[in-house]
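J.: First, the structure itself, so that you have it in front of you.
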Amino acid sequence: MSSMIATRDAYGETLAELGGEDSRIVVLDADLSGSTKTGVFAKKFPERFFNMGIAEANMVGTAAGLAAVGKVPFLSTFAIFAVGRAWEQVRQSLAYPKANVKVVATHGGVTVGEDGGSHQSVEDVAIMRAVPNMTVIVPADGVETKAAIRAAAAYKGPVYVRLGRNKVPTVFPADYRFEIGKGTELVAGTDLTFITTGLMTAQAVTAAEQLKKEGVSARVVHIGTIKPLDREIIAKAARETGVIVTAEEHSIVGGLGSAVAEVLAEECPVPLKRVGVNDRFGTSGKAEELLKYFGLTAEDLVEAGREMLARK
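Residues in the sequence shown are numbered consecutively from 280, following this note's numbering.
This is how it looks when you write it as structure tokens:
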């Protein structure tokens with residue numbers, strides 16, 4: 280792992296690049312373009328940028344209309360508003376008709392920080408993966424975000440991309456190729472598997488390095504696409520290592536941990552521990568403090584790994 284970059288910054292850069300490559304791309308934002316980084320696109324292509332104000336439901340409906348006449352709309356706001364305030368419009372106007380709209384939400388998870396539980400979306404992945412026709416992507420770092428945004432632009436249909444606020448370590452090489460619906464084995468291992476998404480992938484890589492010093496061979500599988508889910512890579516890890524630990528900056532109810540549990544129950548039942556926010560709201564604090572508070576650090580994953588090894 281090397282440089283630190285916020286996934287929202289990678290989004291802003293990539294969106295501006297795509298704007299120069301495809302004139303069909305338009306961008307809508309709910310008065311948060313400085314924070315979501317869609318402002319980078321707005322400066323380059325002001326005629327294709329629409330500040331919809333604090334009216335998220337209207338923004339989604341407008342994006343659906345633009346998609347209906349051949350545009351490729353990207354719409355952004357904080358995750359809590361994209362999935363909370365505008366959920367009915369996302370369901371009825373985007374997912375139901377399979378509108379070609381990309382919902383790219385920033386400030387997901389507890390690392391939103393001091394804004395507190397009201398603004399820390401810990402249930403957005405669960406909600407969006409339950410919506411038919413919706414593709415759900417949670418990148419691990421800036422490199423994957425850039426590739427995922429390009430993949431979303433090329434994909435025909437509604438997509439939800441969850442990004443964060445703070446800078447996160449880069450775990451993927453510059454030439455990493457993202458493919459919707461495919462997981463990635465980042466670290467080989469034979470004793471146990473960490474299956475992770477978002478910023479927790481970097482924590483799992485660190486945890487695997489620590490466990491290696493203890494003589495434990497830990498595999499790290501990153502799931503960049505929560506839906507459609509790469510069932511094959513999950514079942515393969517279960518068969519080969521015999522025990523799974525999932526990790527996500529999201530509620531353990533309905534997110535990655537639940538999705539993995541569904542696969543294991545149907546295809547290869549093995550002991551599983553879900554590391555995430557344990558069915559509660561967030562709270563105010565600094566991002567790093569909150570990761571510790573909610574048990575979302577590399578040290579917590581090491582402990583979870585030891586616990587599960589004892590159950591093999």
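From the three backbone atoms N, C-alpha and C, an ideal C-beta is built for every residue, glycine too.
When the Cα atoms are used, what is the spatial distance from alanine 433 to glycine 392?
T.: Their backbone Cα atoms lie some 33 Å apart in a straight line.
J.: Tell me whether arginine 456 is buried or exposed, calling it buried when 16 or more other Cβ atoms sit within 10 Å of its Cβ.
T.: Exposed: under 16 other Cβ atoms inside 10 Å.
J.: Assign alanine 467 to one of two classes, buried (16 or more other C-beta atoms within 10 Å of its C-beta) or exposed (fewer than that).
T.: The residue is exposed, with fewer than 16 neighbouring Cβ atoms inside 10 Å.
J.: Under 8 Å between C-beta atoms, does arginine 444 make it to chain D?
T.: The chain inventory of the structure shown lacks chain D, comprising one protein chain alone.
J.: Roughly how many whole angstroms lie between the Cα atoms of alanine 409 and valine 306?
T.: C-alpha separation (whole angstroms): 25 Å.
J.: For valine 404, does the three-state DSSP call read helix, strand or coil?
T.: DSSP places valine 404 in helix when its eight states are reduced to three.
J.: I'd like to check one pair, serine 372 with alanine 343: are the Cβ atoms closer than 8 Å?
T.: Yes; because the gap between Cβ atoms is below 8 Å, this pair is in contact.
J.: Only counting runs of 3 or more residues, tell me where the beta strand (DSSP E) segments fall wholly within the segment 415-488, in order along the chain.
T.: Runs found: 438-441, 446-448, 463-466, 471-475.
J.: Under 6 Å Cβ to Cβ from threonine 504, same chain only, skipping five residues before and after it: list those, please.
T.: Within the same chain, threonine 504 has close Cβ partners Ile416, Ile459, Gly460.
J.: Could you tell me if glycine 313 is buried or exposed, where buried requires 16 or more neighbouring beta carbons within 10 angstroms of its beta carbon?
T.: The residue in question, glycine 313, is exposed, as its Cβ has fewer than 16 Cβ neighbours within 10 Å.
J.: Thinking valine 542 and leucine 588 are a contact (beta carbons under 8 Å), I'd like their distance in whole angstroms, please.
T.: 21 Å between Cβ atoms; not a contact.
J.: If I follow the unbroken alpha helix (DSSP H) through glycine 387, where does it start and stop?
T.: No alpha helix (DSSP H) contains glycine 387, which DSSP labels as neither H nor E.
J.: With three or more beta-carbon pairs closer than 8 Å as the criterion, would you say the segment 365-380 touches the segment 476-495?
T.: No contact exists between the segment 365-380 and the segment 476-495.
J.: Taking the C-alpha atoms as reference points, what is the distance between glycine 388 and glutamate 326?
T.: Cα-Cα distance, rounded: 32 Å.
J.: On a Cα-Cα basis, can you pick out the residue from Asp558, Asp301, Ala374, Ser355 that is closest to threonine 385?
T.: Among Asp558, Asp301, Ala374, Ser355, the Cα nearest to that of threonine 385 is on Ser355.
J.: At the level of alpha carbons, what is the spacing between alanine 374 and proline 437?
T.: Answer to the nearest angstrom: the Cα atoms are 6 Å apart.
J.: What's the call for aspartate 308, buried or exposed, on a 16-neighbour Cβ count within 10 Å?
T.: That one is buried.
J.: Would you tell me roughly how many angstroms separate the C-alpha atoms of valine 369 and methionine 283, rounded to the nearest one?
T.: Roughly 32 Å between the two C-alpha positions.
J.: For alanine 577 versus threonine 485, is the C-beta spacing smaller than 8 Å?
T.: The answer is yes: Cβ separation under 8 Å.
J.: Could you pull out every unbroken alpha helix (DSSP H) segment of at least 4 residues lying fully inside the segment 305-336, listed in chain order?
T.: Taking only runs of at least 4 residues, the alpha helix (DSSP H) segments lying wholly in the segment 305-336 are 312-315, 318-323.
J.: How close, in whole Å, do the beta carbons of alanine 361 and serine 530 come, if the pair is a contact with beta carbons under 8 Å?
T.: Actually they are not in contact, since the Cβ atoms of alanine 361 and serine 530 sit about 17 Å apart, beyond 8 Å.
J.: Below 8 Å on the Cβ atoms is my contact criterion, and I expect valine 450 with threonine 480 to pass it. Report the Cβ-Cβ distance as a whole number of Å.
T.: Contact flag correct, Cβ pair sits at about 6 Å.
J.: Taking the straight line between their C-alpha atoms, what separation do you get for threonine 286 and alanine 517?
T.: Going from the Cα of threonine 286 to the Cα of alanine 517 covers about 30 Å.
J.: By a C-beta neighbour count over all protein chains shown, 10 Å radius and 16 as the cutoff for buried, is glutamate 528 buried or exposed?
T.: Burial call: buried.
J.: Under 7 Å Cβ to Cβ from proline 233, same chain only, skipping five residues before and after it: list those, please.
T.: Any question about residue 233 goes unanswered here, given that the chain covers just 280 to 591.
J.: Measure the C-alpha to C-alpha separation of isoleucine 512 and valine 500 and round it to an integer number of angstroms.
T.: Using only the alpha carbons, I get a separation of about 8 Å.
J.: Kindly give me the distance between the Cβ atoms of glycine 332 and threonine 562, rounded to whole angstroms, as I take these residues to be in contact under 8 Å.
T.: Wrong, their Cβ atoms sit about 29 Å apart, outside the cutoff.
J.: For glutamate 568 and phenylalanine 560, what's the separation of their Cα atoms in angstroms?
T.: Roughly 15 Å separates the two Cα atoms.
J.: Compare the Cα-Cα distances from leucine 294 to each of Thr424, Thr463, Ala334, Ile359 and report the closest residue.
T.: Selected option, being the one with the closest Cα: Thr424.
J.: Can you tell me which of Ser537, Lys377, Lys322 puts its alpha carbon nearest to the alpha carbon of glutamate 296?
T.: For the residues Ser537, Lys377, Lys322, the minimum Cα distance to glutamate 296 belongs to Lys322.
J.: With a 10 Å radius around its C-beta and 16 neighbouring C-beta atoms as the bar for buried, classify aspartate 509 as buried or exposed.
T.: Buried.
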